[in-house]
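What follows is a set of notes on a single structure, which appears directly below.
Protein chains: 2
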Amino acid sequence: MKFSPLISELIAGLKCLPGVGQKSAQRMAFHLLERNREGALSLSQSLFNAMEHVKHCAKCRTFTESQLCDICADPIRGEHATMCVVESPQDMLAIEQTAEFKGRYFVLMGHLSPIDGIGPADIGMPELANELKKGAVEEVILATNPTVEGEATAHYIAELCKEHNVIASRIAHGVPFGGELEYIDGNTLTHAFAGRKAL
Amino acid sequence: MKFSPLISELIAGLKCLPGVGQKSAQRMAFHLLERNREGALSLSQSLFNAMEHVKHCAKCRTFTESQLCDICADPIRGEHATMCVVESPQDMLAIEQTAEFKGRYFVLMGHLSPIDGIGPADIGMPELANELKKGAVEEVILATNPTVEGEATAHYIAELCKEHNVIASRIAHGVPFGGELEYIDGNTLTHAFAGRKAL
Ligand SMILES: [Zn+2]
Ligand SMILES: [Zn+2]
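For the record, the sequence lines run as chains Y and S.
Here numbering that gives the first Met the number 0 is used: the first residue of the first sequence is 0, the next is one more, and so on.
Here numbering that gives the first Met the number 0 is used: the first residue of the second sequence is 0, the next is one more, and so on.
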């Protein structure tokens, strides 16, 4: 016995969400069918809209449906002399929530990982080089995750900065090695920013 | 700083899934945007189709997009003399997976819960009475969950069966008290069916 075709398809569809297996997907499907059809229809629409319209910011590469994200579109922050490089939009949000950093961002959307075939072009290095070439950036704060790949990526970008005579610094103490930036509390992140060291 | 409107709406939409909070919803949203836009679009479509077309089986009340579910539409099972009453379609699936029960079902889509305002009419009692009145059902196996509400519901239905001169039995040993039917292994369920007792 299986569920009806439309229910089976819904369960299969929900399993494309990270961390959702067969049992959770079933539970979600029946919860929506029984108790929240309106919410499910609204989710259906949100998924469609986001997948169709969300692209990358033309300047910092974060996700946005506009040409430029809010920060890049801001006349002060968008042309700020200090640029913070992060791996993901979630990391950018975590830093924004500390309200300590007032500069611009560059979002790698990943990190260097030769084993997975992810090279410099995949994390926007040509675009970053282009931005540094313009001369408006004076310091790049490397806020990649304190993992092996994050460190390697930071060093790669530090070299790129050197080529363009831009100071590169690395966020420092407070960030536990092997941790993920997204899950670190604001206070720790604030200290890591304050304690950054030139590379 | 917030995410762009479409991303914020997507995160809000994902939070209508049971067990999904802000952090999980963010993780899901970015996972889909970064790695599985096709899967997300397909989920969007599946959600829409299921919410628009899945109704209740006209006979057993389980979810289906057809007039009758597969089991009720089966000429032998649909008119079987033994009817198993369960709380949810998931419980029905759990029992089907033991492949021991060959009769028909009646799915309550819940249980009696006066405190939540859920009375007999909300769990299909008029429809069940109607079905028993037809005289084709000889035994009703009460497979509601072994919880306080599940037991109360079973006793309510046992009384209904008595009124219609239909044998009512309760699945018995093997099902731990306080457990949820959906999560019990097939072997235990098989024993519970075999050891049922007349009420
Ligand atoms: Zn931007
Ligand atoms: Zn049915």
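All residues carry an ideal CB built from backbone N, CA and C; glycine is no exception.
Note that this is a predicted model, so its numbers are computed, not measured.
Check                                                                                                                                                 : Outcome
Check each residue's C-beta against every heavy atom of ligand 2 and list, in chain order, those closer than 6 Å.                                     : S/C56, S/K58, S/C59, S/T61, S/L67, S/C68, S/I70 and S/C71
By how many angstroms is the C-alpha of S/F2 removed from the C-alpha of Y/V19?                                                                       : 24 Å
Checking the sheet assignment: what are the DSSP bridge partners for Y/H55?                                                                           : Y/F62
Residue ranges of each beta strand (DSSP E) run of no fewer than 3 residues wholly in the stretch 104-187 of chain S, ordered along the chain?        : 138-141 and 166-169
Once you ignore the five residues that flank S/A80 on each side, which residues in its own chain have a CB closer than 8 Å to its CB?                 : G102, A135, V136, E137 and E138
Checking 8 Å against the spacing of the C-beta atoms, do S/A142 and S/L180 come in under that value?                                                  : yes
Could you list which residues in chain Y have their beta carbon closer than 7 Å to that of S/S45, in chain order?                                     : E8, L9 and G12
What does a CB cutoff of less than 8 Å around S/V165 pick up in its chain, not counting 5 residues either side in sequence?                           : L131, V136, E137, E138 and V139
Run through the DSSP bridge pairs and tell me what Y/M82 is partnered with.                                                                           : Y/R103 and Y/V139
Could you tell me whether the Cβ of S/M108 comes closer than 8 Å to any Cβ of chain Y?                                                                : yes
At a CB-CB cut-off below 7 Å, which residues of chain S make contact with Y/T63?                                                                      : S3
Flag S/F192 as yes if its beta-carbon sits less than 8 Å from any beta-carbon of chain Y, otherwise no.                                               : no
Pairing CB atoms from the stretch 49-64 of chain Y with CB atoms from the stretch 89-105 of chain Y, are three or more of them under 8 Å?             : yes
Would you mind sorting Y/G123 into buried or exposed? The rule is 16 or more other CB atoms within 10 Å of its CB.                                    : buried
Could you pull the start and end residues of the alpha helix (DSSP H) that S/P74 belongs to?                                                          : Per DSSP, S/P74 belongs to no alpha helix (DSSP H) and is neither H nor E.
Kindly give me the distance between the Cβ atoms of Y/A28 and Y/L42, rounded to whole angstroms, as I take these residues to be in contact under 8 Å. : Between Y/L42 and Y/A28 the Cβ distance is about 12 Å, and since that is not below 8 Å, they are no contact.
Can you give me the start and stop residues for the alpha helix (DSSP H) that Y/P4 sits inside?                                                       : P4 to L13
Give a yes or no on whether the minimum CB-CB distance between S/M50 and chain Y is below 8 Å.                                                        : yes
For chain Y, check one thing: does any of its Cβ atoms lie closer than 8 Å to the Cβ of S/P88?                                                        : yes
Of the residues Y/Y182, Y/R169, Y/I183 and Y/D184, which one's Cα is nearest the Cα of Y/A193?                                                        : Y/R169
Against S/S41, what residues of chain Y qualify as contacts under a CB-to-CB distance less than 9 Å, listed in chain order?                           : E8, A11, G12 and C15
Ignore the nearest five residues each way along the sequence and tell me which others in S/C160's own chain have a CB closer than 6 Å to its CB.      : V139 and A167
Between Y/C160 and chain S, is the shortest Cβ-Cβ distance under 8 Å, so that the two count as touching?                                              : no
Check each candidate in Y/A128, Y/H52 and Y/Q44 and name the one with the smallest Cα separation from S/M199.                                         : Since the displayed chain S opens at 0 and closes at 198, residue 199 of chain S lies outside it and no answer follows.
Looking at the C-beta of S/N35, does it have a partner C-beta in chain Y at a distance below 8 Å?                                                     : yes
Where does S/A193 sit, in a helix, a strand or coil, going by DSSP?                                                                                   : helix
Return no unless some Cβ of chain S is closer than 8 Å to the Cβ of Y/M27.                                                                            : yes
Comparing C-alpha positions only, which one of S/I6, S/L5, S/S7 and S/R26 sits nearest to Y/C15?                                                      : S/R26
Name the two residues that bound the continuous alpha helix (DSSP H) containing Y/K22.                                                                : Q21 to R34
Mind checking Y/A57: buried by the 16 CB within 10 Å criterion, or exposed?                                                                           : exposed
Just checking: is the beta-carbon of Y/C68 within a distance shorter than 8 Å of some beta-carbon in chain S?                                         : yes
Give the range of the alpha helix (DSSP H) segment to which Y/L92 is assigned.                                                                        : P88 to T97
Which of the three DSSP states is assigned to Y/L16 in this structure?                                                                                : coil
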